[in-house]
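Read the structure below first, then the notes.
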Amino acid sequence: MLVYVIITIIVLIAIYTVVQYNNFVKLNIKIKEAFSNMDIYLKKRWDLVPNLVEIVKGYAKHEKETFKEVVALRNGSYDNMSDEEKIEANTQLSSGINKIMVLAEGYPDLKSNENFKDLCQQLTKIEDDIANSRKYYNGVIRIYNTKVKIFPSNIFANIFGFKTKSMFEINENERKNVKIEL
882 MLVYVIITII VLIAIYTVVQ YNNFVKLNIK IKEAFSNMDI YLKKRWDLVP
932 NLVEIVKGYA KHEKETFKEV VALRNGSYDN MSDEEKIEAN TQLSSGINKI
982 MVLAEGYPDL KSNENFKDLC QQLTKIEDDI ANSRKYYNGV IRIYNTKVKI
1032 FPSNIFANIF GFKTKSMFEI NENERKNVKI EL
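Sequential numbering from 882 applies to the sequence shown in the numbering used here.
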């Protein structure tokens, strides 16, 4: 009888271990899916920025530093970046876009330019999509990180090498109002 109890306990532990491992794998797949969805919008924005910069450049020729900053950042190869590099580059790109949009406020002719209006509408739509996909991505990361940290799943996370992951957050510079002196 004792042998059956021990075998039953071992089988239950084995089943529980497999279930825990599979749950971590499923959450990792969800994280990859969430990042992939967000990455699509980040790439769209990445590709839209040079057009926006070129249009604004024509109106604000003396604002070279802002353009150099954005263009230098944008010149990297997006496809060759790691997920973390993409997040960092897009955080910096957001700051540059904010500066460009504030710059545009000082040029009424620019604001009435049809190409600029169209790009701004596209950018607004993409920014909304990015915000929504960030929420989903961060929600999946929150669920995963909770599972990695709470007992008893944290034991299995340590055994199988699952570590917490970073959320997609804005940096301190993005929290501040952008000031442009003309």
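We put the beta carbon where it would ideally sit given N, CA and C, even for glycine.
Note that the coordinates shown come from a computational prediction; the quantities given were computed from them, not determined experimentally.
The beta-carbon separation of Ile-921 and Leu-1000, rounded to 18 Å, does not stay under the 8 Å limit for a contact. Taking the C-beta atoms as reference points, Phe-916 is found nearer than 7 Å to Asp-964.
Here the alpha carbon of Glu-995 sits roughly 12 Å from the alpha carbon of Leu-933. Looking at the backbone, the Cα of Ile-890 and that of Phe-1032 are separated by about 19 Å. Look at Glu-935 here: in three-state DSSP terms it is helix. Rounded to the nearest angstrom, the Cβ distance from Val-1029 to Lys-1044 is 7 Å, consistent with a contact under 8 Å. With contacts defined by Cβ atoms closer than 7 Å, Lys-925 and Ile-981 do not form a contacting pair.
Between the alpha carbons of Asp-990 and Lys-967 lies a gap of roughly 34 Å. For Ile-1031, no alpha helix (DSSP H) segment is defined, and its DSSP state is neither H nor E. Scanning its chain for C-beta atoms nearer than 7 Å, with the 5 sequence neighbours on each side dropped, one finds around Ile-1024 the residues Leu-908, in chain order. Nearest to Gln-973 by C-alpha distance, out of Met-882, Glu-986, Val-930, is Val-930. Here Met-882 is exposed. Its C-beta has fewer than 16 other C-beta atoms within 10 Å. Lys-1006 carries a helical assignment under DSSP once its states are collapsed to helix, strand and coil. Shown here for Phe-905: same chain residues with a beta carbon closer than 6 Å to its own, the five before and five after excluded, namely Phe-1043 in chain order. For Ile-1011, the number of other beta carbons within 10 angstroms of its own is at least 16, and it is reported as buried.
Excluding the 5 residues flanking it on each side, Val-1021 has same chain C-beta neighbours closer than 6 Å at Lys-911, Ile-912, Ala-915, in chain order.
Taken through DSSP and simplified to helix, strand or coil, Gly-1042 comes out as coil.
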